[in-house]
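K.L.:
Before anything else, here's the structure in question.
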Amino acid sequence: MEAPLEPADRDRLRRLLLAKGAELNDQLTRLLDGKEVALETLVGGGDPGETPAERVRRFLDLIDARLGEIRAGTYGRCATCGERLGLARLEQMPWADRCAACAANPK
Ligand SMILES: [Zn+2]
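Read in order, the letters of the sequence shown are residues 4 to 110 in the numbering used here.
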């Protein structure tokens, strides 16, 4: 069982999300201008047939959803099992919406 996030940690994760969102917006602008973008920094998986711009938009949607959860006070819980996500996982992937166990075994 993970401890609840401290307000200072939540603020730090929020800033990480905002920074990543700004970076993604920049990448999306470049993509729409027909420029090359290094997509290996993007969220894993990628649906088959998805264009790079769609992939960036999907990632942006994830970030927006997490920022909304921070505002609503529901940030940092696994969408599948409801367990708190650990600070270590959130620092690595502040846009995570599943714990490591659920992410590894999607239902
Ligand atoms: Zn879970």
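Even for Gly, the Cβ is constructed at its ideal location relative to N, Cα and C.
Return yes when the C-beta of T54 is under 7 Å from any heavy atom of ligand 1, and no when it is not.
P.N.:
For this step, residue 54 is matched to residue 51 along the sequence shown. No, since every heavy atom of ligand 1 falls outside the 7 Å radius drawn around the Cβ of T54.
K.L.:
If you follow the alpha helix (DSSP H) that N28 is in, where does it begin and where does it stop?
P.N.:
Locating residue 28 in the sequence shown gives position 25, counting from the first residue. Taken as a continuous stretch (DSSP letters only), the alpha helix (DSSP H) holding N28 covers 10–35.
K.L.:
Are E72 and Y78 touching if we call contact CB-CB under 8 Å?
P.N.:
For the purposes of this step, residue 72 is taken as the residue at position 69 of the sequence shown. For the purposes of this step, residue 78 is taken as the residue at position 75 of the sequence shown. Contact: yes.
K.L.:
With DSSP run on the structure shown, which of helix, strand or coil describes R87?
P.N.:
Position 84 of the sequence shown holds residue 87. The answer is strand: DSSP assigns R87 an E or B state.
K.L.:
Rounded to whole angstroms, what is the Cα-Cα separation between A11 and C84?
P.N.:
As a first step, residue 11 must be located in the sequence shown, where it is residue number 8. As a first step, residue 84 must be located in the sequence shown, where it is residue number 81. Spanning the two alpha carbons is a distance of roughly 25 Å.
K.L.:
By the 10 Å Cβ neighbour count, where 16 or more other Cβ atoms means buried, how is E69 classified, buried or exposed?
P.N.:
As a working note, residue 69 is residue 66 in the sequence shown. The displayed chain sequence assigns Arg, not Glu, to residue 69. Buried, since its Cβ has 16 or more Cβ neighbours within 10 Å.
K.L.:
Taking L42 and P55 to be in contact with their CB atoms under 8 Å, please state how far apart those CB atoms are, rounded to whole angstroms.
P.N.:
For the purposes of this step, residue 42 is taken as the residue at position 39 of the sequence shown. For the purposes of this step, residue 55 is taken as the residue at position 52 of the sequence shown. About 5 Å separates the two Cβ atoms, so the contact holds.
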